[in-house]
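So the sequence shown is residues 1 to 78, counted in the UniProt record's numbering. Since the structure comes first, as structure tokens, the remarks are kept for the end.
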Amino acid sequence: MSNPLIIYGVPFSQPVRAVLWLMLYKQKPFEMVLINPGSSSEGGSRHPDYLAKFPTGTIPSIEDKETGFVLSESHAIM
1 MSNPLIIYGV PFSQPVRAVL WLMLYKQKPF EMVLINPGSS SEGGSRHPDY
51 LAKFPTGTIP SIEDKETGFV LSESHAIM
């Protein structure tokens, strides 16, 4: 079985919820990583580690660990 996609974001964000609902509807396994929007501290969307992976610093973002594929913005993800 393949590794689940990782979704970065916070559940109170409507765009994040839209992606989560789509994943549930399509019955795709995923892991949720909480990201504090706008924060430059560890676990924040403006932290250098997050920006290295997702240069726009936006949520939601997804990552496929198997392929290294990353994508941000809910409309692009869906």
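Glycine included, each C-beta is placed from N, C-alpha and C at the ideal position.
Take M78, set aside five residues on each side of it, and the residues of its chain with a beta-carbon closer than 8 Å to its own are A18, V19, L22, in chain order. Bounds of the beta strand (DSSP E) holding S72 are 69-72. Per DSSP, M32 is one residue of the beta strand (DSSP E) stretching across 30-34. Only residues of its own chain outside the window of five on either side were considered, and among them R46, H47 have a CB closer than 7 Å to the CB of S40, listed in chain order. Comparing alpha carbon positions, the residue from D49, L34, V16 closest to S74 is V16.
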